[in-house]
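Participant: Residue numbers (my numbering): 390 to 454.
This structure is in structure tokens; I'll ask about it shortly.
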Ligand SMILES: NC(=O)c1ccc[n+]([C@@H]2O[C@H](COP(=O)([O-])OP(=O)(O)OC[C@H]3O[C@@H](n4cnc5c(N)ncnc54)[C@H](O)[C@@H]3O)[C@@H](O)[C@H]2O)c1
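See below:
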């Protein structure tokens, strides 16, 4: 199953992706985030690094919804 998580570099989205990657189900998680500067973008990069370390196959698309 493939799951699209919008706002995946944000507080809720990044935590949701990390939880989904812990699932026993073989999920393909795709994140979408425009990495805007409403909150510090470096915090978003940090969250994306955490996700990348957990699952090399996880895909994040930088783009607008
Ligand atoms: N954090 C909370 O306690 C809380 C509580 C209730 C509701 N919410 C709502 O949940 C949503 C997420 O909250 P959050 O705390 O994770 O916010 P956040 O700002 O940390 O994350 C939102 C993410 O969405 C991205 N984004 C914004 N517009 C986008 C667009 N057009 N296309 C692609 N990406 C886009 C941003 O870059 C950001 O990384 C918000 O709508 C917020 O109002 C949050």
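Cβ coordinates follow ideal geometry from the N, Cα and C atoms, glycine included.
Since residue 394 sits in a beta bridge, which residues does DSSP pair it with?
Facilitator: 420
Participant: How long is the line joining the alpha carbons of residue 441 and residue 427, rounded to whole angstroms?
Facilitator: 22 Å
Participant: What I want to know is whether the C-beta of residue 417 ends up closer than 7 Å to one or more non-hydrogen atoms of ligand 1.
Facilitator: no
Participant: Just jot down, in chain order, the residues whose CB lies closer than 7 Å to any heavy atom of ligand 1.
Facilitator: 395, 396, 398, 399, 400, 401, 402, 421, 422, 423, 424, 425, 427, 428, 433, 452, 453, 454
Participant: Suppose the cutoff is 6 Å on Cβ atoms and the five residues either side in sequence are ignored; what does the same chain contact list for residue 417 look like?
Facilitator: 391
Participant: DSSP three-state call for residue 403: helix, strand or coil?
Facilitator: helix
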